[in-house]
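Numbering-wise, this note's numbering puts 929 at position 114 of the sequence shown, and it's gapless, one number per residue.
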Amino acid sequence: MYTKLLKSITSLSLIGGALLYTNGSDVRAAEASIFSDVPTSHWSYPAIKDLSSKNIISGYGNGKFGFGDVATREQVAALIYRALLPNKQGGTFSNEGARYVLKDGSTLNNPYRDIRAGSTLFPEEVLTLTKLGIFNGDGNGGFRPKDSVSRAEMAQIIKNAFQVSAKQKHTFNDVPNGFWAEGAISAVQSNGIASGTGDGKFEPAKTVTREQYAQFLYNALQYKKPAVAVQDTGDAALLAAFKDEVQKRINTYETNITLPYKTTNSNTKEVMNTLFNAYKEVASKNEYTNNRSNVSYGLSGSPGNYTFTLKITYRETKEQTEYVMKQAKAIVSSITQVGMDDHEKVKAIHDYVVKHISYDTSYKAYTAYEALVNRSAVCQGYALLTYQLLKEAGIENHFVVGTGDGQPHAWNLVKIENKWYHLDTTFDDPVPDEQGRVTYSYFNLSDEQIARNHEWNRGDYPQATTNYYSTLTNKIAAGSTKTPAYQQILKDTKLNYLGNEYIANNYNEFKNKMQQRYNEKSPKIEILYKQSMDGALQDVKKVIGEIGYPQGANRVSYKAEPYNAKEGYSLVTITFM
816 MYTKLLKSIT
826 SLSLIGGALL
836 YTNGSDVRAA
846 EASIFSDVPT
856 SHWSYPAIKD
866 LSSKNIISGY
876 GNGKFGFGDV
886 ATREQVAALI
896 YRALLPNKQG
906 GTFSNEGARY
916 VLKDGSTLNN
926 PYRDIRAGST
936 LFPEEVLTLT
946 KLGIFNGDGN
956 GGFRPKDSVS
966 RAEMAQIIKN
976 AFQVSAKQKH
986 TFNDVPNGFW
996 AEGAISAVQS
1006 NGIASGTGDG
1016 KFEPAKTVTR
1026 EQYAQFLYNA
1036 LQYKKPAVAV
1046 QDTGDAALLA
1056 AFKDEVQKRI
1066 NTYETNITLP
1076 YKTTNSNTKE
1086 VMNTLFNAYK
1096 EVASKNEYTN
1106 NRSNVSYGLS
1116 GSPGNYTFTL
1126 KITYRETKEQ
1136 TEYVMKQAKA
1146 IVSSITQVGM
1156 DDHEKVKAIH
1166 DYVVKHISYD
1176 TSYKAYTAYE
1186 ALVNRSAVCQ
1196 GYALLTYQLL
1206 KEAGIENHFV
1216 VGTGDGQPHA
1226 WNLVKIENKW
1236 YHLDTTFDDP
1246 VPDEQGRVTY
1256 SYFNLSDEQI
1266 ARNHEWNRGD
1276 YPQATTNYYS
1286 TLTNKIAAGS
1296 TKTPAYQQIL
1306 KDTKLNYLGN
1316 EYIANNYNEF
1326 KNKMQQRYNE
1336 KSPKIEILYK
1346 QSMDGALQDV
1356 KKVIGEIGYP
1366 QGANRVSYKA
1376 EPYNAKEGYS
1386 LVTITFM
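Now the structure itself:
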């Protein structure tokens, strides 16, 4: 099977005195290190992934993050430094270690007896943060770089680094009045940066692990007010007018946009970031039209007379997008019927896309337009077409970017009756294409189910926590005129095999299920077996060797298929002739 991937290129350069940023915005590859010891299902995974992608956090250099290891004071200093002051200089100690001289000639006083060239890899980080008042020593002239960090110390460091103010007093029953870090603990709790450990406790003396500190730091960065801020009401009005003008220009698919910006802010980088963030905010309002292959931007001029430029390469022309909108309306009208609910509509749209689009193994077609006209596209085209069809059908959904099988990938999140599910029409389409064949291994999955081979920044999207099999069986049990439709969806998607009558959890259960089907004189036996595919095939042969063929049968064929809806199980089909 061809790998279904997209490629992304990002670069940063300085041209002619103006800052210029180029962002390839195909489906983005995750730039974070993939740590073998961090489970993708763990609550800290999104935080670790995000911080790693920003080069704030790193592992041990052997593909491991150090999951479960205790965070040390020097490691925490390095993380905070990278988050706040990412441009490390390097330097050397002088005056017998009393001072640290940076490469630019500036110096940092060293008040610690245990911060020396051979004692830590992070002297610049420790001493800079000490100078800023974020870190303090132990009162005896030591920093203790290799010591662990307690939850109370963590709270104080976060409070100092991000200037977090308490909104209200903490609610923990194990933090006494007057405790040295009481104010910091109140600050991190009331701002959602840290919570307790259960039973009303904070456990201030408990040590912090590397994944816990990653989560604390991630939460603090979410709390932190953007460095790019509108400085006054005049700037607020300027920015609002800027957004309105950008919206008009991208609505007409303008490729070269030049806009004046009259702020008196003298921080050029800050102004540029403010304006590009404003552009991204405007562009992200429509997930379909936010499909641009390349965006570069720059800022020139001086305070009071800036000029902001955007150069946009669109994947689709305005006319092509209009064609997609028109065709989406016609397609939805043809494949849905009056009286269908969202369960039925989602399946109809999924089936249409899988049946009518084939995967572009040349990796050239990225758009919904190409998917419709050429009947071929990569995952971005599948997901964009699926997005627009669902939207046309009145079904809320998102275009999701992440990775699938370790490669850059796109799919959808769909909302049905206030519950979210993952829908991957690309992975449900066989490669090479088989005319008319539809699979459902990636139909309406939960976060837990799709995370087996998909990764995404979970903080950017709604959570999908519902098992779709449970949703359908509960609706069937409740009874309605839609019961036959739900039963058909169960059958078509093969979710019906999750019923107890099909499941065998061990060899004896598997053997008994086969014997039972013999007694029922079933010409075809289907069992969901807790076994690998190879192991399942071997066990079929073993069972037949023990109990023989059913009466009247002369030949047999059997196969085992992967079953994505239940991890560790294979769907075994045995046919007697």
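The beta-carbon is built from N, C-alpha and C at its ideal position, and this holds for glycine as well.
DSSP state of residue i mapped onto helix, strand, coil
i, result
"L947", "coil"
"K1040", "For K1040, the predicted model reports a pLDDT of 44, less than 50, meaning its position is unreliable and no value from the coordinates is stated."
"K1126", "strand"
"G1013", "strand"
"K1141", "helix"
"S1099", "coil"
"L820", "Because L820 sits at a pLDDT of 39, beneath the cut-off of 50, its placement in the model cannot be relied upon, and the following sentence gives the value as read from the coordinates. Three-state DSSP puts L820 in coil, outside helix and strand."
"H985", "coil"
"Q1004", "helix"
"Y1068", "coil"
"T1218", "strand"
"N1212", "strand"
"F958", "coil"
"H1269", "strand"
"P861", "helix"
"F850", "coil"
"Y1033", "helix"
"F1242", "coil"
Straight-line Cα distance separating residue j from residue i
i, j, result
"V1193", "H1224", "9 Å"
"G998", "V990", "10 Å"
"G957", "T945", "12 Å"
"V979", "D1175", "50 Å"
"G1113", "I872", "29 Å"
"Q983", "K974", "14 Å"
"V1110", "T1070", "9 Å"
"I895", "Y1033", "11 Å"
"Y1038", "A976", "12 Å"
"D962", "R888", "6 Å"
"Q890", "Y1317", "51 Å"
"V1387", "F1242", "21 Å"
"T922", "E940", "13 Å"
"N1227", "L900", "36 Å"
"G1350", "T1286", "31 Å"
"V1216", "E1207", "21 Å"
"Y1257", "A1380", "8 Å"
"R897", "K1016", "31 Å"
With 16 other Cβ atoms within 10 Å as the buried cut-off, status of residue i
i, result
"K1309", "buried"
"G1294", "exposed"
"P1118", "exposed"
"K1160", "buried"
"G993", "exposed"
"N1006", "buried"
"I1342", "buried"
"N1080", "buried"
"L1238", "buried"
"P1365", "buried"
"P938", "buried"
"A1051", "exposed"
"P1299", "exposed"
"M1392", "exposed"
"A1056", "exposed"
"R1370", "exposed"
"R1190", "exposed"
Integer-rounded CB distance, given that residue j should sit under 8 Å from residue i
i, j, result
"T855", "A1143", "Going by Cβ atoms, the distance from T855 to A1143 rounds to 33 Å, so no, they are not a contact pair."
"K1133", "Y1068", "4 Å"
"T1281", "Y1236", "7 Å"
"Y1138", "Y1094", "About 26 Å separates the two Cβ atoms, so there is no contact after all."
"N1092", "A1098", "Wrong, their Cβ atoms sit about 11 Å apart, outside the cutoff."
"V1169", "V1253", "5 Å"
"M1348", "S1385", "5 Å"
"D929", "N1272", "Not quite, the Cβ-Cβ distance comes to about 39 Å (not below 8 Å), so this is no contact."
"E1096", "F1214", "17 Å between Cβ atoms; not a contact."
Contact under 8 Å by Cβ, residue i with residue j
i, j, result
"G906", "L917", "yes"
"Y1121", "I1146", "no"
"Y1284", "I1291", "no"
"I863", "A1029", "yes"
"T1024", "V885", "yes"
"K879", "F908", "no"
"P926", "S965", "no"
"I1000", "A967", "yes"
"A1180", "L1200", "no"
Residue i at chain D interface by Cβ criterion, 8 Å
i, result
"F1123", "In the structure shown, chain D cannot be found, because there is only a single protein chain."
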